[in-house]
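In my numbering, the protein residues as written are 16 to 463.
Note that beta-carbon positions come from the ideal geometry of N, C-alpha and C, so glycine has one too.
Here's the structure, in structure tokens; my notes come after.
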């Protein structure tokens, strides 16, 4: 898997071009160079670079209270990118001091390369954590095959390589780290471990606010622990339980505090901009559409997810707490995705909001593979089935890249089967040549 990752690095497309990716990135140059959160200069720069990417929309919108340009992206992704960004900045400053003709302005190509490859590395680190989590329960074969298929047969691959400078790879890493630590944190764990879990819970929300729903996992643990203590009248346990959970809550608050500060500066209040809540309905009217809509549904785009979710039942039989937690966390994300009026994710490749569940999907798939192996399914058959799922995803990626005018329409079934089975394979050699040697011809907005 490590070898596959390094072999895949030439496929990374380091560019910042879309509104969302610009919003995640601009925290870094604005804080480092301007020491503020006024993104007007940065938005103007990317607007000139990609005049048709829609960046003008955020450039011309300002918060009525603060007068600052809007930015609804959380700050956590930029913080995870910051070591790579600052490292490149240091190298450029040194090169400039030595007389090299470089401009350490925070926006040039080296900075874009830094954050894009940092994003790809985040995704890979999250996948490695996912493999480690699977290995605690299942064989090396089941774990490696599961994590590889989840990487290559879902939007994880697209957002780790084809379009890396979004929050999804950072989200995958943060959630994988949180779930890994949570799985090994129990009622009797140390106070320090609960505080660490709280810090990681704050981090996942700092990267993407909706990832804060993963805090349901320790919250349910706490509820079960208190009910158990009360049922058995174990009064002496209550102060220790309360102390640990206060530490957990304190860790969450501490880690999330940078986002609260950003809210206050940008929006004039300790909360998201009202434009976010305006496209939200707490009744989750699109719950089922998110899963099975023929054009935008998660399971339709990524059929492997259905297998993974079915596998949660097998996880429960091996580790009840982890399996039940995976089910609850996934359903919570489906609920939240169904609340968005923009649940389709117009223009996106697949249901990208579920990349945060990649580790959970790997667990479910590993459980299903382990079950199949126990029934003497041959390894070659499992690898073959996984390869079909990977090829389906590769076909969708090629279709997304080759037909940009259709992206908002989702999957168009009157033409998609022929394209994936006939037209795209015919163009495979040309596509590979362009991918490695003329990648700019595959994108309308090369950017970065």
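Item                                                                                                                                                                              : Value
Does the stretch 167-178 touch the stretch 111-128, meaning 3 or more C-beta pairs lie closer than 8 angstroms?                                                                   : no
Which residue from 113, 133, 399 and 106 puts its Cα closest to that of residue 94?                                                                                               : 133
Would you report the Cα separation of residue 247 and residue 253, rounded to the nearest angstrom?                                                                               : 11 angstroms
For residue 399, count the other beta carbons within 10 Å of its own beta carbon; 16 or more makes it buried, fewer makes it exposed. Which is it?                                : exposed
Look at the alpha carbon of residue 440 and the alpha carbon of residue 406, and state the distance between them as a whole number of angstroms.                                  : 11 angstroms
Measuring straight from C-alpha to C-alpha, what distance separates residue 462 and residue 388?                                                                                  : Legend: pLDDT at residue 462 = 42, less than 50; position of this residue unreliable, no value from coordinates given.
My output table needs one value for residue 295: the three-state DSSP class, helix, strand or coil.                                                                               : strand
Using the beta-carbon count (16 or more within 10 Å), is residue 242 buried or exposed?                                                                                           : exposed
In angstroms, rounded to a whole number, what distance separates the CA positions of residue 394 and residue 382?                                                                 : 15 angstroms
Could you check how far apart the C-beta atoms of residue 271 and residue 278 are, in whole angstroms? I think they sit under 8 angstroms.                                        : Incorrect: roughly 10 angstroms between the Cβ atoms, too far for contact.
Answer yes if the stretch 149-156 comes into contact with the stretch 350-365, meaning at least three C-beta pairs across the two stretches below 8 angstroms, and no otherwise.  : no
Straight-line CA distance for residue 458 to residue 356?                                                                                                                         : 28 angstroms
Work out the CA separation of residue 354 and residue 320 for me, nearest whole Å.                                                                                                : 20 angstroms
Using a Cβ-Cβ cut-off of 7 angstroms (strictly less than) and excluding sequence neighbours within five positions of residue 422, which residues of its own chain qualify?        : 362 and 415
Threshold first: 4 residues or longer. Then list the alpha helix (DSSP H) segments lying entirely within the stretch 415-459, N to C.                                             : 443-452
Spell out the partners DSSP gives residue 355 in its beta bridges.                                                                                                                : 295
Which residue comes first and which comes last in the alpha helix (DSSP H) that contains residue 73?                                                                              : 71-74
Do residue 149 and residue 188 have their C-beta atoms closer together than 7 angstroms?                                                                                          : no
Spatial neighbours of residue 219 within its chain, please: CB distance less than 7 angstroms, with the 5 preceding and 5 following residues excluded, ordered by chain position. : 189, 190, 193, 226, 227 and 229
In whole angstroms, what is the alpha-carbon distance linking residue 63 and residue 309?                                                                                         : 37 angstroms
From residue 342 to residue 266, what does the alpha carbon distance come to, in whole angstroms?                                                                                 : 25 angstroms
How would you label residue 455, buried or exposed, when you count the other beta carbons within 10 angstroms and need 16 or more for buried?                                     : exposed
Any chance the CB of residue 399 is under 6 angstroms from a heavy atom of the ligand COA?                                                                                        : Although the ligand COA was asked about, the structure shown includes no ligands whatsoever.
Going by beta-carbon coordinates alone, are residue 307 and residue 314 separated by less than 7 angstroms?                                                                       : yes
Which ranges does the beta strand (DSSP E) cover as unbroken runs of at least 3 residues, wholly within the stretch 108-168, from first to last along the chain?                  : none
Going straight from the alpha carbon of residue 295 to that of residue 301, what length do you get?                                                                               : 11 angstroms
Go through the stretch 321-394 residue by residue and report every complete run of the alpha helix (DSSP H) that reaches 4 residues or more, in order.                            : 335-354 and 373-389
What residues are listed by DSSP as bridge partners for residue 77?                                                                                                               : 84
How many Å lie between residue 33 and residue 70 at the Cα?                                                                                                                       : 7 angstroms
Please classify residue 292 as buried or exposed, where buried requires at least 16 neighbouring CB atoms within 10 angstroms.                                                    : exposed
According to DSSP, simplified to helix, strand and coil, what is residue 174?                                                                                                     : helix
Using only CA atoms, which one of 24, 25, 367 and 89 lies nearest to residue 276?                                                                                                 : 89
For residue 336, which option in 28, 83 and 237 has the closest C-alpha, if you only look at C-alpha atoms?                                                                       : 237
Check this for me: beta carbons of residue 139 and residue 20, under 7 angstroms apart or not?                                                                                    : yes
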